[in-house]
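Visitor:
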Amino acid sequence: MVATEGPTIRERAALMLGRAAGTAARRFGRGGGTALPGLVAGALAPSLLERLAQQSGQGVVTVTGTNGKTTTTHLIASILRAHGVDPLTNPSGSNLERGLVVAYVEAAEPGGRIADAASRVGVFEVDEAVLARLFPRLRPRVAVFLNLFRDQLDRYGEVDSVGEGWGGMLASADPGCTLVLNADDPSIAQLAAETRAQILTFGIDDREVRLAQADHASDARFCRCGGRFAYEAIFMGHVGIWACTSCGERRPNPRVSARRIELSAEGSRVEVSIDGALVTLEIPMAGLYSVYNALAAAAAAHALGVPVTTIARAIADAGPAFGRQERFEVDGRSVRVLLAKNPAGMNELLRALVAGSRDSQPVHLLAMLNDGIQDGQDVSWIYDADIEVLAGRDVTVTCSGDRADDFALRWHLAGIDPAAVIPDTEAALDAALGRTPRGARLDVVATYTAMIDVREALARRAGVGSYWEVAR
Amino acid sequence: MTSKPARSIRVVTLYDDVMNVYADRGNEIALRVRAAEHGVNVEVTSVSLGDPLPAEADLVLIGGGQDREQRRIADELAARGPALRAWAEDDTAMLAVCGGFQLFGRWYRDASGTELPGAGVFDVTTLAPGPGAARCIGDILAAAQIEGVREVVGFENHGGRTYLGPGARPFARVEYGRGNNGEDGTEGAVFRNAIGTYLHGSLLPKNPALLDWLIAAALRHRYGAGTPEAHIDMLPAPYAERAHAASMAVARRRSPKFEPVVK
Ligand SMILES: [Zn+2]
Numbered sequence: 001m002v003a004t005e006g007p008t009i010r011e012r013a014a015l016m017l018g019r020a021a022g023t024a025a026r027r028f029g030r031g032g033g034t035a036l037p038g039l040v041a042g043a044l045a046p047s048l049l050e051r052l053a054q055q056s057g058q059g060v061v062t063v064t065g066t067n068g069k070t071t072t073t074h075l076i077a078s079i080l081r082a083h084g085v086d087p088l089t090n091p092s093g094s095n096l097e098r099g100l101v102v103a104y105v106e107a108a109e110p111g112g113r114i115a116d117a118a119s120r121v122g123v124f125e126v127d128e129a130v131l132a133r134l135f136p137r138l139r140p141r142v143a144v145f146l147n148l149f150r151d152q153l154d155r156y157g158e159v160d161s162v163g164e165g166w167g168g169m170l171a172s173a174d175p176g177c178t179l180v181l182n183a184d185d186p187s188i189a190q191l192a193a194e195t196r197a198q199i200l201t202f203g204i205d206d207r208e209v210r211l212a213q214a215d216h217a218s219d220a221r222f223c224r225c226g227g228r229f230a231y232e233a234i235f236m237g238h239v240g241i242w243a244c245t246s247c248g249e250r251r252p253n254p255r256v257s258a259r260r261i262e263l264s265a266e267g268s269r270v271e272v273s274i275d276g277a278l279v280t281l282e283i284p285m286a287g288l289y290s291v292y293n294a295l296a297a298a299a300a301a302h303a304l305g306v307p308v309t310t311i312a313r314a315i316a317d318a319g320p321a322f323g324r325q326e327r328f329e330v331d332g333r334s335v336r337v338l339l340a341k342n343p344a345g346m347n348e349l350l351r352a353l354v355a356g357s358r359d360s361q362p363v364h365l366l367a368m369l370n371d372g373i374q375d376g377q378d379v380s381w382i383y384d385a386d387i388e389v390l391a392g393r394d395v396t397v398t399c400s401g402d403r404a405d406d407f408a409l410r411w412h413l414a415g416i417d418p419a420a421v422i423p424d425t426e427a428a429l430d431a432a433l434g435r436t437p438r439g440a441r442l443d444v445v446a447t448y449t450a451m452i453d454v455r456e457a458l459a460r461r462a463g464v465g466s467y468w469e470v471a472r
Numbered sequence: 473m474t475s476k477p478a479r480s481i482r483v484v485t486l487y488d489d490v491m492n493v494y495a496d497r498g499n500e501i502a503l504r505v506r507a508a509e510h511g512v513n514v515e516v517t518s519v520s521l522g523d524p525l526p527a528e529a530d531l532v533l534i535g536g537g538q539d540r541e542q543r544r545i546a547d548e549l550a551a552r553g554p555a556l557r558a559w560a561e562d563d564t565a566m567l568a569v570c571g572g573f574q575l576f577g578r579w580y581r582d583a584s585g586t587e588l589p590g591a592g593v594f595d596v597t598t599l600a601p602g603p604g605a606a607r608c609i610g611d612i613l614a615a616a617q618i619e620g621v622r623e624v625v626g627f628e629n630h631g632g633r634t635y636l637g638p639g640a641r642p643f644a645r646v647e648y649g650r651g652n653n654g655e656d657g658t659e660g661a662v663f664r665n666a667i668g669t670y671l672h673g674s675l676l677p678k679n680p681a682l683l684d685w686l687i688a689a690a691l692r693h694r695y696g697a698g699t700p701e702a703h704i705d706m707l708p709a710p711y712a713e714r715a716h717a718a719s720m721a722v723a724r725r726r727s728p729k730f731e732p733v734v735k
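Shown next, in the form of structure tokens:
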């Protein structure tokens with residue numbers, strides 16, 4: 001058990017050494033990753049995680065799910081800042097234990113305490129596979145569950161094992177904890193049955209934005225009773241207005257609900273009811289998946305007592321999270337970076353690219369596929385993505401990345417032959433920019449490590465901050 | 473372009489709404505595109521739980537699933553075993569990947585210890601090893617043991633260890649990766665024109681020689697060997713060839729060279 005006073009000598013030493021490791025890693029440039037200080041400090045004092053939770057005087061918010069963690073965490077932190085609360089948060093994408101410890105290393109004063117700890121809220125994205133281990137140690141006040149899609153099966157094994165690991169954690173959740181659940185994802189909504197915690201649901205109540213036909217990449221087709229789900233409307237993947245054909249369980253009515261949604265390739269305008277209070281959200285990020293992220297963030301902030309007007313203002317003013325629809329001006333072109341790491345995410349961003357635009361509107365793309373550990377070594381998933389949604393449009397695509405040839409084949413089979421196949425990032429970027437007219441937009445769709453590479457190249461060309469300056 | 477006779481193949485996809493965990497749908501996408509290049513029309517009948525099998529098929533496809541999904545279909549698939557075996561005896565082309573391969577064998581004992589009956593197309597049996605045993609995950613390169621096809625390349629991700637019975641031949645010999653069980657160097661199984669394998673990636677898109685082999689076998693089944701309808705030309709497949717070569721390089725670089733286990 002951790003003492004309730006200040007950090008121990010051991011913890012202070014661990015924080016100091018972690019900070020030194022971070023300074024050293026940055027001196028050697030990128031490659032060490034933002035995780036090194038956390039690895040060092042966490043190894044020296046495993047109790048740092050509990051201490052971090054304790055130093056977040058106003059409690060901890062966790063954000064988990066396959067897609068949208070980084071953006072949702074970023075939005076919650078932005079809302080809290082607008083509300084006058086300084087959040088403690090982990091560097092984007094660094095969502096294992098060591099990533100959380102980094103937040104502590106970065107925020108701690110030499111004595112190991114965090115300034116104004118009593119008034120701070122911890123807002124942490126947590127990898128879905130490690131949540132069960134971290135949940136009892138962080139004891140979150142609000143836990144956000146976004147969705148559960150197939151993702152990197154080479155790392156997680158099978159989709160089912162992720163959700164199954166959450167049972168014990170939820171059964172022992174504090175009754176005072178609020179679980180913010182996506183009502184439209186049955187694998188998330190059904191978690192409510194496993195806990196005594198408070199439940200706050202969010203979802204979409206606008207049938208106009210439903211898909212004409214189901215995505216291929218649907219994962220939770222079967223109810224926990226074994227029955228099959230039927231959908232009144234599907235919004236993405238297996239996410240929609242569902243009911244079990246066997247036991248009759250159905251999607252709960254969301255308390256945070258999107259009533260009217262206008263989508264465009266730039267962003268969305270959404271009428272939202274938050275426990276009956278109506279508000280219009282201007283979401284400066286494209287795609288229905290961004291609407292879900294904004295609803296989740298609004299629900300979490302509502303659970304923390306932030307007024308609805310503050311939530312709306314903060315979301316409208318929020319910039320993109322790192323590598324998630326970030327924009328760069330390069331050579332008179334607007335370049336937008338979109339992270340795609342699994343079929344459901346890829347489908348959503350392909351749809352977002354053409355949302356509200358005419359079929360004849362040209363689309364300029366740089367499509368980058370890497371196969372590192374963080375990307376998923378198995379590139380099969382590109383066949384579960386519905387690249388075909390762009391077939392028949394005026395699409396110019398340059399394929400790049402370590403698996404450029406695999407990606408080019410996928411586009412070819414979807415009926416869109418790439419204009420060029422160039423594994424090297426800089427050369428591919430030159431080619432893609434060359435094929436994009438001045439004044440037009442180039443969209444870069446990239447897996448994680450490819451996104452890091454191309455973002456670095458774009459930041460240099462656009463003269464803005466590098467990875468280290470932004471993500472630290 | 474010489475004029476070709478109008479021709480088509482009848483394709484049955486089995487449980488493609490349940491068994492599709494490793495993007496095996498890519499096999500059907502590649503089949504449609506490649507068949508069109510050969511001037512072959514593809515008529516697909518999707519057969520899932522409760523649906524009847526059509527009277528005939530020239531090509532059968534089944535993909536992989538998790539244990540939960542395999543349990544859902546196993547009994548019904550086993551009941552279809554006699555029909556599927558008769559099709560295989562009659563030279564219908566088949567491709568069964570991963571979980572589908574396991575259930576096309578005699579039986580599969582899953583991680584919970586439950587023994588699932590198989591369709592028995594292949595004389596193979598599969599055991600899920602105890603907890604603690606590592607899954608076989610990674611890039612794989614293997615030398616195909618069927619005519620006109622050399623290396624096949626893909627990605628494997630399976631817990632189950634499959635062993636060939638006396639009536640089974642391996643589909644391929646592992647060069648890099650693990651294959652059926654990581655011990656004997658065999659990968660998959662072949663019976664007449666039916667292939668079972670652990671390779672996804674997806675398999676058919678980036679193994680154009682194997683894809684053509686299956687299309688040719690399906691055409692022979694439909695029209696008879698030696699007929700003009702059954703003939704396919706050698707056509708280039710530049711995107712597929714490049715992806716094939718790139719994937720081979722990845723397997724050689726990243727996966728262990730296969731060494732047989734001496735017991
Ligand atoms: Zn049910």
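Protein chains in written order, with the numbering used here: chain A, 1 to 472; chain B, 473 to 735. Glycine included, each C-beta is placed from N, C-alpha and C at the ideal position. Because the structure is a prediction, the values reported are computed rather than measured.
For His672 (chain B), would you say it is in contact with chain A, using Cβ-to-Cβ distances shorter than 8 Å as the test?
Guide: Here residue 672 (chain B) is taken as the residue at index 200 of the second sequence, counted from 1. Closer than 8 Å: yes.
Visitor: Answer yes or no: does any C-beta atom of chain B fall closer than 8 Å to that of His364 (chain A)?
Guide: Position 364 of the first sequence, counted from the start, is the residue given in the question as residue 364 (chain A). It does not; no Cβ of chain B falls within 8 Å.
Visitor: For Ser290 (chain A), report the span of its beta strand (DSSP E) as first-last.
Guide: As a first step, residue 290 (chain A) is located in the first sequence; it is residue number 290 there, counting from the start. Note, Ser290 (chain A): premise wrong, no beta strand (DSSP E); alpha helix (DSSP H) at Leu288 to Ala303.
Visitor: For ligand 1, is there a heavy atom less than 7 Å away from the beta-carbon of Glu249 (chain A)?
Guide: Looking up residue 249 (chain A) in the first sequence gives position 249. Yes; taking the cut-off as 7 Å, the Cβ of Glu249 (chain A) has a heavy atom of ligand 1 nearer than that.
Visitor: Enumerate in chain order the residues of its own chain whose CB-to-CB distance from Ile382 (chain A) is below 6 Å, with the five nearest sequence positions on each side excluded.
Guide: On the first sequence, residue 382 (chain A) is found 382 positions in, with the first residue counted as 1. If the five residues before and after Ile382 (chain A) are omitted, its C-beta is found closer than 6 Å to the C-beta atoms of Arg410, all from its own chain and listed in chain order.
Visitor: Output, in sequence order along the chain, the residues in the segment 501–522 of chain B whose CB is closer than 7 Å to any CB in chain A.
Guide: Those would be Ile501, Ala502 and Val505, in chain order.
Visitor: State yes or no: is the C-beta of Ser727 (chain B) nearer than 7 Å to some heavy atom of ligand 1?
Guide: On the second sequence, residue 727 (chain B) is found 255 positions in, with the first residue counted as 1. The answer is no for Ser727 (chain B).
Visitor: Any idea which residues DSSP pairs His630 (chain B) with across the strands?
Guide: The residue labelled residue 630 (chain B) in the question sits at position 158 within the second sequence. DSSP, once it has assigned bridges, lists B:Cys608 as partnering His630 (chain B).
Visitor: Identify the continuous beta strand (DSSP E) that holds Pro589 (chain B) and give its terminal residues.
Guide: As a first step, residue 589 (chain B) is located in the second sequence; it is residue number 117 there, counting from the start. Start and end: Glu587 to Pro589.
Visitor: Considering only DSSP beta bridges, list what Arg260 (chain A) is partnered with.
Guide: In the first sequence, the residue the question calls residue 260 (chain A) occupies position 260. Looking at the DSSP assignment, Arg260 (chain A) forms a beta bridge with A:Glu271.
Visitor: Report buried or exposed for Gln361 (chain A), applying the criterion of at least 16 other Cβ atoms within 10 angstroms of its Cβ.
Guide: Residue numbering aside, residue 361 (chain A) sits at position 361 when the first sequence is read from its first letter. Flag for Gln361 (chain A) reads exposed.
Visitor: On the DSSP bridge list, what partners appear for Ala457 (chain A)?
Guide: Indexing the first sequence from 1 puts residue 457 (chain A) at position 457. DSSP lists no partner for Ala457 (chain A).
Visitor: Would you say Ala187 (chain A) touches ligand 1, meaning its beta carbon is less than 7 Å from a heavy atom?
Guide: Your numbering for residue 187 (chain A) matches position 187 in the first sequence. Sequence check: residue 187 (chain A) is Ser here, not Ala. Within 7 Å of the C-beta of Ser187 (chain A) there is not a single heavy atom belonging to ligand 1.
Visitor: Given the structure, does Gly535 (chain B) come close to ligand 2, in the sense that its CB is under 7 Å from one of the ligand's heavy atoms?
Guide: Looking at this structure, you won't find ligand 2 anywhere; what it does contain is ligand 1.
Visitor: Given that a residue counts as buried once 16 or more other Cβ atoms are within 10 Å of its Cβ, and exposed if not, what is Glu619 (chain B)?
Guide: Within the second sequence, residue 619 (chain B) is the residue found at index 147, counting from 1. Burial call: exposed.
Visitor: For a test of your reading of the model: does the CB of Gly227 (chain A) fall under 7 Å from any non-hydrogen atom of ligand 1? Yes or no.
Guide: If you number the first sequence from 1, residue 227 (chain A) lands on position 227. Correct: Gly227 (chain A) has its Cβ closer than 7 Å to ligand 1.
Visitor: Apart from the five residues on each side of it in sequence, which residues of its chain come closer than 8 Å, Cβ to Cβ, to Val2 (chain A)?
Guide: Numbered from 1 along the first sequence, position 2 holds the residue referred to as residue 2 (chain A). Confidence at Val2 (chain A) is low in this model, with a pLDDT of 40, below 50, so its placement is unreliable and no value can be given for it.
Visitor: With Val337 (chain A) and Val464 (chain A) assumed to form a contact (beta carbons below 8 Å), what rounded beta-carbon distance in angstroms separates them?
Guide: Taking the first sequence and counting its residues from 1, one reaches residue 337 (chain A) at position 337. Taking the first sequence and counting its residues from 1, one reaches residue 464 (chain A) at position 464. Rounded, the Cβ-Cβ distance is 12 Å, inconsistent with contact.
Visitor: For the segment 628–646 of chain B, which residues have a beta carbon sitting closer than 7 Å to at least one beta carbon of chain A?
Guide: Asn629
Visitor: What is the DSSP secondary structure of Asn513 (chain B), counted as helix, strand or coil?
Guide: As a position in the second sequence, residue 513 (chain B) is number 41, starting the count at 1. Looking at Asn513 (chain B) - three-state DSSP - the assignment turns out to be strand.
Visitor: How is the alpha helix (DSSP H) around Met491 (chain B) delimited, first residue to last?
Guide: Looking up residue 491 (chain B) in the second sequence gives position 19. Counting along the chain, no alpha helix (DSSP H) covers Met491 (chain B), and no H or E run does either.
Visitor: Evaluate Ala715 (chain B) with the Cβ neighbour count: other Cβ atoms within 10 Å of its Cβ, from every protein chain shown; 16 or more gives buried, anything less gives exposed.
Guide: Here residue 715 (chain B) is taken as the residue at index 243 of the second sequence, counted from 1. That one is buried.
Visitor: Give the DSSP-derived three-state secondary structure of Ser172 (chain A) in the structure shown.
Guide: By one-based count along the first sequence, residue 172 (chain A) stands at place 172. Correct three-state label for Ser172 (chain A): coil.
Visitor: Determine which residues share a DSSP beta bridge with Leu281 (chain A) and list them.
Guide: Within the first sequence, numbered from 1, the residue matching residue 281 (chain A) stands at position 281. Leu281 (chain A) pairs with A:Val270.
Visitor: Does the beta carbon of Pro677 (chain B) sit closer than 8 Å to a beta carbon anywhere in chain A?
Guide: As a working mapping, residue 677 (chain B) is identified with position 205 in the second sequence. Output row for Pro677 (chain B): interface = yes.
Visitor: Which residues in the same chain have their Cβ closer than 7 Å to the Cβ of Gly31 (chain A), if we skip the five residues on either side of it in sequence?
Guide: Against the first sequence, residue 31 (chain A) aligns to sequence position 31. Because the pLDDT of Gly31 (chain A) is 44, which lies under 50, any placement of that residue in the model is unreliable, and the question is left without a value.
Visitor: Where do the ends of the alpha helix (DSSP H) carrying Thr71 (chain A) lie?
Guide: Stepping through the first sequence from its first residue, residue 71 (chain A) is reached at position 71. Note, Thr71 (chain A): alpha helix (DSSP H), Lys69 to Ala82.
Visitor: In the DSSP assignment, what residue or residues form a beta bridge with Ala661 (chain B)?
Guide: Here the question's residue 661 (chain B) lines up with position 189 in the second sequence. Its beta-bridge partners are B:Gly668.
Visitor: In this structure, how does DSSP classify His238 (chain A) when only helix, strand and coil are distinguished?
Guide: Within the first sequence, the letter at position 238 stands for residue 238 (chain A). Coil.
Visitor: Out of B:Gly604, B:Ala550 and B:Arg633, which one is the CA nearest neighbour of Leu588 (chain B)?
Guide: Taking the first residue of the second sequence as position 1, residue 588 (chain B) is located at position 116. Ranking the options by Cα distance to Leu588 (chain B), first place goes to B:Ala550.
Visitor: What in chain A is Cβ-close to Arg714 (chain B), meaning under 8 Å?
Guide: Your numbering for residue 714 (chain B) matches position 242 in the second sequence. The contacting residues are Asp405, Ala408, Leu409 and Val421.
Visitor: Tell me Asp443 (chain A)'s beta-bridge partners as DSSP assigns them.
Guide: Mapped onto the first sequence, residue 443 (chain A) falls at position 443. Answer by DSSP bridge pairing, in chain order: A:Arg336 and A:Leu365.
Visitor: Does Trp166 (chain A) come within less than 8 Å of chain B when only Cβ atoms are used?
Guide: The sequence position of residue 166 (chain A) within the first sequence is 166, counting from 1. Judged by the 8 Å Cβ criterion, Trp166 (chain A) is not in contact with chain B.
Visitor: Of all the residues that make up the segment 485–501 of chain B, which are near chain A by a beta-carbon distance shorter than 9 Å?
Guide: Hits within the stretch, in order: Asp489, Val490, Asn492, Val493, Tyr494, Ala495, Asp496, Arg497, Gly498, Asn499 and Ile501.
Visitor: Kindly identify the DSSP beta-bridge partner or partners of Leu567 (chain B).
Guide: Within the second sequence, the letter at position 95 stands for residue 567 (chain B). In the DSSP assignment, Leu567 (chain B) is bridged to B:Leu533 and B:Ile667.
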